[in-house]
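A.B. asks:
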Amino acid sequence: MAPRIVVAGSANMDLVGLAERLPLPGETVLGDDFVMMPGGKGANQATAAARAGGHAVFLGAIGSDAFGVTLNARLNAAGVDVGHVRTSYGASGVAVIMVDRAGENSILVSPGANSSFTDLTETEAKVIAGSDVLLCQLEIPVDTVIAACRAARAGGTRTVLNAAPARELPPELLSEVDLLVVNELEAQTITGSARPDMAGLLALVPRVVLTLGGAGARYAERDGRDETVPAFRVEATDTTAAGDAFTGALAVAWGEGRDLMDAVRWANAAGAACVRKLGASNALPSRSEIDALAAN
1 MAPRIVVAGS ANMDLVGLAE RLPLPGETVL GDDFVMMPGG KGANQATAAA
51 RAGGHAVFLG AIGSDAFGVT LNARLNAAGV DVGHVRTSYG ASGVAVIMVD
101 RAGENSILVS PGANSSFTDL TETEAKVIAG SDVLLCQLEI PVDTVIAACR
151 AARAGGTRTV LNAAPARELP PELLSEVDLL VVNELEAQTI TGSARPDMAG
201 LLALVPRVVL TLGGAGARYA ERDGRDETVP AFRVEATDTT AAGDAFTGAL
251 AVAWGEGRDL MDAVRWANAA GAACVRKLGA SNALPSRSEI DALAAN
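Just so we're aligned, residue 1 is where the sequence shown starts under UniProt numbering, counting upward by one.
1) Grab me the residues of residue 173's own chain with a C-beta within less than 8 angstroms of its C-beta, minus the 5 sequence neighbours each way, in chain order.
2) Identify which residue in 290, 292, 295, 286 has its Cα closest to the Cα of residue 79.
3) Residue ranges of each beta strand (DSSP E) run of no fewer than 3 residues wholly in the stretch 203–227, ordered along the chain?
4) Skipping 5 residues on each side, what residues in its chain have a beta carbon closer than 6 angstroms to that of residue 8?
5) Can you give me the C-alpha to C-alpha distance between residue 221 and residue 27, rounded to a whole angstrom?
6) Can you give me the start and stop residues for the alpha helix (DSSP H) that residue 125 sits inside?
7) Taking the C-alpha atoms as reference points, what is the distance between residue 121 and residue 130?
8) Between residue 44 and the ligand MG, is there a pair consisting of the residue's CB and a ligand heavy atom that are separated by less than 7 angstroms?
9) Considering only their Cβ atoms, is the gap separating residue 272 from residue 231 smaller than 8 angstroms?
10) Relative to the C-alpha of residue 159, which candidate in 175, 169, 179 has its C-alpha closest?
11) With respect to the alpha helix (DSSP H) encompassing residue 285, which residues constitute its N-terminal and C-terminal limits?
12) Can you look up residue 30 in the DSSP assignment and give me helix, strand or coil?
13) Can you tell me which residues form a DSSP beta bridge with residue 86?
14) When the Cα atoms are used, what is the spatial distance from residue 5 to residue 251?
15) Would the stretch 80–89 and the stretch 29–37 be scored as touching if the rule is three or more Cβ pairs under 8 angstroms?
16) Would you call the stretch 38–48 in contact with the stretch 243–250, where contact means no fewer than 3 C-beta pairs closer than 8 angstroms?
17) For residue 17, does the three-state DSSP call read helix, strand or coil?
18) Out of 152, 206, 293, 132, point me to the one whose CA is closest to residue 258's CA.
19) For residue 103 and residue 140, what's the separation of their Cα atoms in angstroms?
20) Among 19, 88, 100, which residue has its Cα nearest to the Cα of residue 115?
21) Nearest CA to the CA of residue 291: which residue from 274, 283, 269?
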C-alpha cells in the first residue's frame, strides 16, 4: 500500500522566463522563452510525492481567480488528493522565476491566498493525524506549520520540515519536527553559524538532511550517524524544483519504511532526474524515472 503523505503548504502559479543569463539589478535581459505552470513548494512537493508513488494529500489555499482553477485542476491531474484544498476570495500565489542557460534561477514570490491558510480546521487536523508522514515548508504562516506538526505528533504521524525559504525557526516548531531538511543557507540561518553546523542542528531536532546541490546530501542523527550521499551526475537544464523533487521523494521513501540513508540516496536520484527538464511541477520525475537513475 502506498504511504499516505500529507503536504501542508503553498500553491503558486509559476511564471518562468528563460534567458542566456540572469539580469543584474536595474537591467533588462531579452529572454529566450516563457512558460506558465503550477508551482509553490507545497504543491510541488505534493506532486513530487504523488509521482514518486505516495498517496499525496495537499492542504493549502488557492485564490478564486483563474490561476486557482488551474492550480486545483493540475494538482488533481497529477494524482494529488485536493479534496481538502481551501479557496480564498482574491488572488492565488504567484512566483516569477528567471532561469539562465546554466540552469541557475532567481525567484520572486507573491503569497496571495497562501497567506490566508490559517487556523487549521478539525478536519484538516484529522487528515494529518491519519497519515504516515506530514511534510511542511515555510511559504505559509508559521503558526499553521506549528499547528500541523502538533496535529501530526498527536496522531503519531512523522513530521518532515523543509525549512525553506530560509528563516529563524521558533522553538515551539522545532520541538515538533522529526526530520529537518535544509540547504546550506537555511542551515546557517537556523543556527546563526557562518557555515552549516550539523551539531547545532541536531541540538534542535533529532534528524537532519543537509542538501549540498551537486555534491549530494548529508544525513545525520543524534545517535552519531553522519554520512554524505553523493549526487547522481546528470546534465542540468533547470534546478528550480530539484529540492522539491528531493523532499517529496524522501517523504515517500521514509513513509515506505526505508532506512533513511537509503531514502536519501533515492531522493538524490529524484533531484537529479528533475534537473534534466525545464520548469517546476512538470519536471518532477515519476517513480520509474527515479528508479532508473537510482539503479545506476
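For each residue, glycine too, the CB sits at the ideal point set by N, CA and C.
Model, not experiment: these values are computed from the prediction.
C.D. replies: In this structure, then:
1) 142, 145, 146, 149, 161
2) 286
3) Counting only runs of 3+ residues, the beta strand (DSSP E) found wholly inside the stretch 203–227 occupies 207–211, 217–221, in chain order.
4) 59, 136, 148
5) 45 angstroms
6) 122–129
7) 14 angstroms
8) Questions concerning the ligand MG fall outside what the structure shown contains, since it holds no ligand whatsoever.
9) A contact, by the Cβ cut-off of 8 angstroms.
10) 179
11) That residue, residue 285, is in no alpha helix (DSSP H); it is neither H nor E in DSSP.
12) coil
13) 61, per the DSSP bridge assignment.
14) 7 angstroms
15) no
16) yes
17) strand
18) 132
19) 27 angstroms
20) 88
21) 269
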